[in-house]
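Notes to accompany the following structure.
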Amino acid sequence: MAAPRHDSAALADLAPTSPVLTRDATQQEVIFTVPPAAVMARVRLNVAARPLSFEPQPGLEVSLNGGPAVTLDPLPQAFSAQFDFGPEDIIEGRNRLTVRLAGPAPTKQTGWELDWDSSRLDLLFMAPGPQDRETFEKWMAADFGPPRSVSFAAPALPEAAQADLQSRFAIALGRRSGGPLRFVGPQDAADLAAAVVIDPRLSKARLTHSGGEAARLTLSAPDLAAARAALHDFAADAPARAPHVPPARHVRNDLAAVARGELGRPGYSLALPERRDDRAAALSLVARLAREQAAPMMPGWVGFDPLEAPASADLAVIADGAALPPALLTNAPRALEAALRAAEPKPIYKRFRIGAQASAAMPDGGAAARFPSASNSAAWTTIITSARGVTLHQALSELIEADSLDRFSGRVMHWRNGVVQVQDRGAWRAPGAAALKPRTGELARTLNFLTVLGGLISILLLGVSIRRRKFGRLIHGV
Numbered sequence: 000m001a002a003p004r005h006d007s008a009a010l011a012d013l014a015p016t017s018p019v020l021t022r023d024a025t026q027q028e029v030i031f032t033v034p035p036a037a038v039m040a041r042v043r044l045n046v047a048a049r050p051l052s053f054e055p056q057p058g059l060e061v062s063l064n065g066g067p068a069v070t071l072d073p074l075p076q077a078f079s080a081q082f083d084f085g086p087e088d089i090i091e092g093r094n095r096l097t098v099r100l101a102g103p104a105p106t107k108q109t110g111w112e113l114d115w116d117s118s119r120l121d122l123l124f125m126a127p128g129p130q131d132r133e134t135f136e137k138w139m140a141a142d143f144g145p146p147r148s149v150s151f152a153a154p155a156l157p158e159a160a161q162a163d164l165q166s167r168f169a170i171a172l173g174r175r176s177g178g179p180l181r182f183v184g185p186q187d188a189a190d191l192a193a194a195v196v197i198d199p200r201l202s203k204a205r206l207t208h209s210g211g212e213a214a215r216l217t218l219s220a221p222d223l224a225a226a227r228a229a230l231h232d233f234a235a236d237a238p239a240r241a242p243h244v245p246p247a248r249h250v251r252n253d254l255a256a257v258a259r260g261e262l263g264r265p266g267y268s269l270a271l272p273e274r275r276d277d278r279a280a281a282l283s284l285v286a287r288l289a290r291e292q293a294a295p296m297m298p299g300w301v302g303f304d305p306l307e308a309p310a311s312a313d314l315a316v317i318a319d320g321a322a323l324p325p326a327l328l329t330n331a332p333r334a335l336e337a338a339l340r341a342a343e344p345k346p347i348y349k350r351f352r353i354g355a356q357a358s359a360a361m362p363d364g365g366a367a368a369r370f371p372s373a374s375n376s377a378a379w380t381t382i383i384t385s386a387r388g389v390t391l392h393q394a395l396s397e398l399i400e401a402d403s404l405d406r407f408s409g410r411v412m413h414w415r416n417g418v419v420q421v422q423d424r425g426a427w428r429a430p431g432a433a434a435l436k437p438r439t440g441e442l443a444r445t446l447n448f449l450t451v452l453g454g455l456i457s458i459l460l461l462g463v464s465i466r467r468r469k470f471g472r473l474i475h476g477v
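Just so we're aligned: 288 in numbering that gives the first Met the number 0 is position 289 of the sequence shown, and the numbers increase by one with no gaps anywhere.
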């Protein structure tokens, strides 16, 4: 049995039903899952709500899986209540939290609006690590208790081969994960320790699972090609979390496609940082993007130098801004340089302020761009990088933990301190010249507009002149 683990989540993150309780909807629910064989030590719920009006309101009943309900009888004002359920009220796998009105609601103004964002479920539990594929899949997909950190070890392989397999592990695990995954170094403590063992004596690749203080996932394969194929199958077996919607061409060539996990078309090339700490941050982003993929999008080439990638394929580069080769940016929009400047940390000077901190943490910023490749106009290059003075780990943490990815758009954008701004929306969003209908009378309409505008300005200036004369006469008594 692993050590006790604490996990907490806002009810808004658990896909609840509507937050409004009225006479037309007297009951709302939240569905969540816990890992297999979890033994609960504490089940604590914080519920926040506000009344629909200031007239007397019925109370609220809160229950877990149809068990005994906790009854709340608040005054008709916004409130927050915290209470504990019994550990036996949680069952293995899928659980149902129910909130209902405790009395009749005679009017439309009778009822409550639940604040799902402020309401939280807090669990303290122990759970054994997954021992087989079935429990592993349930553990990865659980809302509470899934792995949050992953380490990777393949000491017998060169760094380039390790990066190749790491990226495929990140995609396979990211598509299964119930939350963001953070990749760490091979020697760091992690919830899940992934490893690759190349043994030429094996006839085929196999994945093995083991539990303990840290769950282990080991891929054994006769060679590197067999390991790649096994990870591709492993990723394909993951249940799809996103619906498959074929993107339109102008969207595929837009950074909005990145938010759906489309770093490139099938067989794209992926350039990762060579530094291990930066690579861990890049892999965390790759795993985050994989959660949005309707089908696994495995790269055809993975390496460190983007200039060595095949020219025929789309290229995705996740790298520190200082490490980007100038030749890679030959065809980049000019707006990328402006985006990188805008994402730079701004100096924060200490000031004496009553009730405020004298200084604040530097924001973490970066930029992204998507543009036709310099060596092949039919292929696309996507760059995700950090601003000057910001490490790649700092820049990417904002994209992994927050919802900044959802606001990606255009062909150049930057993010800084949680704010995303599109720098260049790209020319391809406009229809081609052949699609534009010729306009007639354009010059005549322009001249008419300028004539009317000039007349209005003349009238305004005349009125100002008349008022000045009248005011002067009043002053001088004329």
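Backbone N, C-alpha and C fix where the C-beta goes; we use that ideal spot for every residue, glycine too.
query: Does the beta-carbon distance from Met296 to His231 come in below 7 Å?; result: no
query: According to DSSP, is Trp111 part of a helix, a strand, or is it coil?; result: strand
query: The alpha helix (DSSP H) spanning Leu391 covers which residue range?; result: 391 to 400
query: Taking contact to mean 3 or more Cβ pairs, one atom from each stretch, closer than 8 Å, check whether the stretch 105 to 118 and the stretch 4 to 18 are in contact.; result: yes
query: In the DSSP output, which residue or residues are listed as bridge partners for Arg181?; result: Ser148
query: Output needed for Glu343: all residues of its chain with C-beta closer than 7 Å, excluding positions within five of it in sequence on either side, in chain order.; result: Gly364, Ala386, Arg387, Gly388
query: Tell me whether Thr329 sits in a helix, a strand or coil according to DSSP, three-state version.; result: coil
query: Which residue wins for smallest C-alpha separation from Thr32, given the options Leu96, Thr207, Pro55?; result: Leu96
query: Would you check if there are 3 or more beta carbon pairs closer than 8 Å linking the stretch 124 to 137 to the stretch 196 to 205?; result: no
query: Could you name the residues of the same chain whose beta carbon sits closer than 6 Å to that of Arg264, not counting the 5 residues immediately before and after it, in chain order?; result: Asp313
query: Counting C-beta neighbours from all protein chains within 10 Å, is the total for Val380 16 or more, i.e. buried, or is it exposed?; result: In the sequence as displayed, the identity of residue 380 is Thr instead of Val. Buried, since its Cβ has 16 or more Cβ neighbours within 10 Å.
query: Could you give the distance in angstroms between the alpha-carbon of Thr439 and the alpha-carbon of Ser52?; result: Note that Thr439 scores a pLDDT of 46, beneath 50, so its modelled location is shaky; the value from the coordinates is reported in the next line. Computed Cα separation, rounded: 58 Å.
query: Can you give me the Cβ contacts of Leu277 inside the same chain, cut-off strictly under 7 Å, excluding the 5 residues immediately before and after it?; result: One detail in the question is off: residue 277 reads as Asp in this sequence, not Leu. These residues qualify, in order along the chain: Asp319, Leu391, His392.
query: Whole angstroms are fine: how far does the CA of Gln186 sit from the CA of Ala315?; result: 28 Å
query: Please state the DSSP three-state secondary structure of Ile382.; result: strand
query: Could you tell me which of Leu328, Asp121, Pro34 sits nearest to Ala127, measuring between CA atoms?; result: The sequence given here places Pro at residue 127; Ala does not occur at that position. Comparing Cα-Cα distances from Pro127 to each of Leu328, Asp121, Pro34, the minimum goes to Pro34.
query: In the DSSP assignment, find the unbroken beta strand (DSSP E) run with Asp527 in it and report its ends.; result: What the structure shows of the chain is the stretch from 0 to 477, and residue 527 is not part of that stretch, so it cannot be assessed.
query: Please name the residue or residues paired with Pro371 in a DSSP beta bridge.; result: Trp379
query: Who are the near neighbours of Val69 in its chain, counting only those whose CB is closer than 6 Å to its CB and skipping five residues on each side?; result: Val61, Phe82
query: Under the rule that 16 or more other beta-carbon atoms within 10 Å means buried, what is Asn252, buried or exposed?; result: buried
query: How do the stretch 149 to 162 and the stretch 44 to 58 stand: do at least 3 beta-carbon pairs fall below 8 Å, yes or no?; result: no
query: Return the CA-CA distance between Gly110 and Gln56, expressed in angstroms with no decimal places.; result: 6 Å
query: Return the CA-CA distance between Ala192 and Ala228, expressed in angstroms with no decimal places.; result: 20 Å
query: According to DSSP, simplified to helix, strand and coil, what is Glu158?; result: helix
query: So, for Gly354: in the same chain, excluding its five sequence neighbours on each side, which residues have a beta-carbon less than 6 Å away from its beta-carbon?; result: Note that Gly354 has pLDDT 43, beneath the 50 cutoff, so the model's placement of it is unreliable and the number below is only indicative. Around Gly354: no qualifying Cβ.
query: Could you tell me which of Ala270, Ser17, Leu216, Leu206 sits nearest to Ser150, measuring between CA atoms?; result: Leu216
query: Suppose the cutoff is 8 Å on Cβ atoms and the five residues either side in sequence are ignored; what does the same chain contact list for Glu91 look like?; result: Val33, Pro35, Ala36, Ala37
query: Just to confirm before moving on: does the CB-CB distance between Leu254 and Gly409 stay below 7 Å?; result: yes
query: Among all the DSSP beta bridges, which residues are the ones paired with Ala285?; result: For the sequence presented, residue 285 should be read as Val rather than Ala. DSSP, once it has assigned bridges, lists no residue as partnering Val285.
query: Compare the beta carbon distance of Ala236 and Ala334 with 7 Å and say whether it is the shorter of the two.; result: The displayed chain sequence assigns Asp, not Ala, to residue 236. Not a contact, by the Cβ cut-off of 7 Å.
query: Any idea if Ile89 is buried or exposed, counting beta-carbon neighbours within 10 angstroms, 16 or more meaning buried?; result: buried
query: So, for Lys436: in the same chain, excluding its five sequence neighbours on each side, which residues have a beta-carbon less than 7 Å away from its beta-carbon?; result: Caution is warranted here: a pLDDT of 41 is assigned to Lys436, below 50, making its placement in the model unreliable, and no coordinate value can be reported.
query: Where do the ends of the beta strand (DSSP E) carrying Ala318 lie?; result: 314 to 318
query: Could you check how far apart the C-beta atoms of Ser148 and Arg181 are, in whole angstroms? I think they sit under 8 Å.; result: 5 Å
query: Would you give the residue range spanned by the alpha helix (DSSP H) that Phe233 belongs to?; result: 223 to 235
query: Would Asp142 pass as a contact of Leu323 if the rule is Cβ separation under 7 Å?; result: no
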